[in-house]
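The opening position of the sequence shown corresponds to residue 98 in this note's numbering, with each subsequent residue numbered one higher.
Think of the CB as a built atom: it goes at the ideal place given N, C-alpha and C, for glycine as much as any other residue.
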Amino acid sequence: MAKLLYSATMSVDGFIAGPGGDMSWMAALPDTGPHEVADGLWQQIGSLVCGARTFFGDDPNAGTDSEGAFGGLWSGPQFVLTHNPPDRVVPDTTFLSDLGEAVTAARAAAGDRYVNVLGADVATQCLTAGLLDEILVFVAPVLLGDGVPLFRGPGAALEEISSTAGPIPSIWYRVVR
Numbered sequence: 098m099a100k101l102l103y104s105a106t107m108s109v110d111g112f113i114a115g116p117g118g119d120m121s122w123m124a125a126l127p128d129t130g131p132h133e134v135a136d137g138l139w140q141q142i143g144s145l146v147c148g149a150r151t152f153f154g155d156d157p158n159a160g161t162d163s164e165g166a167f168g169g170l171w172s173g174p175q176f177v178l179t180h181n182p183p184d185r186v187v188p189d190t191t192f193l194s195d196l197g198e199a200v201t202a203a204r205a206a207a208g209d210r211y212v213n214v215l216g217a218d219v220a221t222q223c224l225t226a227g228l229l230d231e232i233l234v235f236v237a238p239v240l241l242g243d244g245v246p247l248f249r250g251p252g253a254a255l256e257e258i259s260s261t262a263g264p265i266p267s268i269w270y271r272v273v274r
């Protein structure tokens with residue numbers, strides 16, 4: 098069964114987006130060259146689960162070839178949690194209002210690859226429901242001062258799987274149950 102992975106880039110002070118979900122800070126990050134974890138991550142993802150704020154939110158690459166998940170490299174089935182789905186059809190996207198249904202569908206679609214969770218609220222819901230398996234955090238060299246924190250809600254014990262050093266270090270954790 099596919100594992101649920103929450104991956105996010107956060108500021109040193111713990112925010113994944115600025116106030117109001119502003120993601121413009123991501124476009125201002127310096128190009129640090131190859132990153133052994135980030136560069137191949139998109140190939141390990143079989144489907145996405147995200148909330149409406151993330152899906153319809155601020156993409157710092159909007160209007161460019163890098164628009165979309167993983168800088169435009171990833172495409173595939175997306176499952177968006179919302180109580181207000183759009184009237185129009187969005188290719189490869191299913192809108193659901195139930196977390197359990199969304200995760201079940203995303204796992205089936207992902208096959209033997211990860212279901213990547215996008216968005217702090219959905220990640221917190223998955224953690225609270227005991228569905229989240231792993232967390233991958235990239236730490237960007239910036240202080241946002243305010244915004245959307247990596248998590249809001251209950252705590253959990255984590256066990257480090259791996260970490261990388263560099264201009265944008267990463268830490269990959271397993272959620273201890």
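For residue i and residue j, I'd like the C-alpha separation in whole angstroms.
i	j	result
residue 239	residue 120	13 Å
residue 229	residue 101	5 Å
residue 197	residue 133	32 Å
residue 192	residue 146	10 Å
residue 199	residue 144	11 Å
residue 264	residue 231	23 Å
Between the Cα of residue i and the Cα atoms of the options, which residue gives the shortest distance?
i	options	result
residue 274	166, 225, 263, 154	225
residue 187	227, 208, 201, 152	152
residue 104	127, 262, 221, 252	221
residue 202	138, 176, 260, 161	176
Does the distance from the C-beta atom of residue i to that of residue j stay below 8 Å?
i	j	result
residue 157	residue 244	no
residue 247	residue 123	no
residue 140	residue 211	no
residue 114	residue 235	no
residue 183	residue 206	no
Please classify residue i as buried or exposed, where buried requires at least 16 other C-beta atoms within 10 Å of its C-beta.
i	result
residue 258	exposed
residue 254	exposed
residue 267	buried
Apart from the five residues just before and just after residue i, which ones in its own chain have a Cβ nearer than 6 Å to its Cβ?
i	result
residue 154	118
residue 180	194
Give every residue of the same chain whose Cβ lies closer than 7 Å to the Cβ of residue i, excluding the five residues on either side of it in the sequence, and list them in chain order.
i	result
residue 110	240, 241, 242
Tell me which same chain residues have a C-beta within less than 8 Å of the C-beta of residue i, skipping the five on either side of it?
i	result
residue 219	146, 147, 148, 151, 178, 196
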